[in-house]
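Numbering (the numbering used here), first residue to last: 73 to 533.
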């Protein structure tokens, strides 16, 4: 029924390393970049929020173009792997430049932030859309895809943990390394250099260790107009797109607001007795570890009750736990960390499902149309990820400004209440909307098995 070619352990690891590379920077951007721009670089929170909106919307619109281009690429390395090879080094270089702080005027700093961050996000598209599309061509077995997606997510959160554990110690080390006077700006740049080198090496491993196996039924050149027409008439794609955007809004608001929550509401300058980690770092690391636990659970659960049901239950639980979070006092550290673990387990479990479901949608589309547009469909997953992150990041900056936030001063009661809302009630709106959309997702396990049987027969023919 399915392609029985075995996907080796090394190939699964190689595929996972690609998202480990991306996720180090994804987490630095999601959890620290707004803070970096406001408290280190000196930009206004509302200005940063608007910049996030403009640059990320532009970048999100690029994703489908990258997918179309990748679908039409022919090389001895395949359609998608060459982009990982070509863009690995530019990815690392632009990541460093994003966290570099030149001594410009206020206007100059804003322009520099727009240019460097905008360029970084474009390179992110050029490497991540083809990387995501690899999932659809390594294997045509839905269960293997879910397994590959789980490897991807485990390595993604592993990369996130690495970044979150090391970023503050590295910034502190490099800030004091070159002179007697601390220079936190150069500390940030030097610290990010470390992650850039690691990311480049990981991407090169992904390129070397993976293979493209699944071929389209027909090899003729697809009409761009027909590809877009097919996509716009693909109901499961629309549902998954909307649900993914809402889930990312949920994550983005929680991640973006967390460092402010601890710095200004909980006061995270107090260290724990375990490794002398700040409460902020402990919160982030526990969240990433819980994400991995959620990923480990998702394959056996989804094999038993289906991908759609697993997604639904996870988002419902995330909503409930997020609402409870609002009522936790700033001194209840154990309860804060416990809820972070529970919420992150739920959130972590949905992302391998999303990627696997996009691969299923590519098969559904091919059966309906006779044309395979893997890159275009997977680019939509990247687009939804970035668009949800865009809205979440922009809203986070705007909310801080609306609540009256001012960097590096004691905050008013209104700001503190706003910070509590940003980690609880406001992101819970995103999870509720995600539940509402995924409820109507039509591709259950029986339909997927039928689709794969028909595709296999057509490929043999």
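All C-beta atoms in this analysis are idealised placements derived from N, C-alpha and C, irrespective of residue type, glycine included.
Just so you know, these numbers come straight off a predicted model, no measurement behind them.
key: 7 Å CB neighbourhood of residue 423 in its chain, flanking five on each side removed   = 225
request  = Can you tell me which of the three DSSP states residue 222 falls into?
outcome  = helix
query = Would you call residue 328 buried or exposed, if buried means 16 or more other Cβ atoms sit within 10 Å of its Cβ?
reply = buried
query = How would you write the range of the alpha helix (DSSP H) that residue 164 sits in, first residue to last?
reply = 153-170
key: For residue 433 and residue 309, believed in contact at Cβ under 8 Å, the rounded distance   = 5 Å
ask   = Pick from 404, 450, 114 and 489: whose alpha carbon is nearest that of residue 142?
value = 450
ask   = Any contact of the stretch 493-508 with the stretch 312-323, i.e. 3+ C-beta pairs under 8 Å?
value = The stretch 493-508 vs the stretch 312-323: in contact.
message = In whole angstroms, give me the CA-to-CA distance for residue 397 and residue 513.
response = C-alpha separation (whole angstroms): 29 Å.
task = Determine the DSSP secondary structure at residue 258, reduced to helix, strand or coil.
result = helix
ask   = When we look at the beta-carbon of residue 128 and count the other beta-carbons within 10 Å, is it buried (16 or more) or exposed?
value = Buried, because 16 or more other Cβ atoms sit within 10 Å of the Cβ of residue 128.
Contacts around residue 76, its chain only, beta-carbon distance under 6 Å, and the 5 residues preceding and following it disregarded = With a pLDDT of only 46 at residue 76, under 50, the local geometry of the prediction cannot be trusted, and the value read off the model is given with reservation. The answer is none, since no qualifying residue turns up.
query = Can you name the start and end residues of the alpha helix (DSSP H) that residue 99 belongs to?
reply = 81-99
ask   = Could you give the distance in angstroms between the alpha-carbon of residue 215 and the alpha-carbon of residue 478?
value = 49 Å
request  = In the DSSP assignment, find the alpha helix (DSSP H) that holds residue 522 and state where it starts and stops.
outcome  = 517-532
query = The alpha helix (DSSP H) spanning residue 393 covers which residue range?
reply = 379-397
message = residue 302 and residue 437 - do their beta-carbons sit closer together than 7 Å?
response = yes
ask   = When the Cβ atoms of the stretch 482-500 are set against those of the stretch 389-407, are three or more pairs found closer than 8 Å?
value = yes
inquiry  = Tell me the rounded alpha-carbon separation between residue 510 and residue 427.
reply    = 14 Å
query = If you draw a straight line from the alpha carbon of residue 390 to that of residue 383, how long is it in whole angstroms?
reply = 11 Å
inquiry  = Beta-carbon within less than 6 Å of residue 86's beta-carbon, same chain only, minus the 5 sequence neighbours each way: which residues are those?
reply    = 277, 278, 281 and 282
query = Going straight from the alpha carbon of residue 334 to that of residue 517, what length do you get?
reply = 43 Å
key: Length of the line joining the Cα atoms of residue 413 and residue 275   = 29 Å
query = When the distance is taken between beta carbons, is residue 263 closer than 7 Å to residue 242?
reply = yes
Beta-carbon proximity of residue 98 to residue 171, cut-off 7 Å = no
message = I'd like to know whether the C-beta atoms of residue 149 and residue 202 end up nearer to each other than 7 Å.
response = no
Residue closest to residue 27, alpha-carbon to alpha-carbon, out of 119, 160 and 118 = Within the shown structure, residues of the chain are numbered from 73 to 533, placing residue 27 beyond reach of any answer.
C-beta atoms of residue 162 and residue 195 nearer than 7 Å = Between residue 162 and residue 195, the C-beta gap is smaller than 7 Å, which places the two residues in contact.
message = Measuring CB atoms only, is the stretch 465-478 touching the stretch 113-123, in the sense that at least three cross pairs come out at less than 8 Å?
response = yes
key: Extent of the continuous alpha helix (DSSP H) to which residue 185 belongs   = 178-205
ask   = For residue 287, which option in 505, 468 and 206 has the closest C-alpha, if you only look at C-alpha atoms?
value = Checking every option, the nearest Cα to that of residue 287 belongs to 206.
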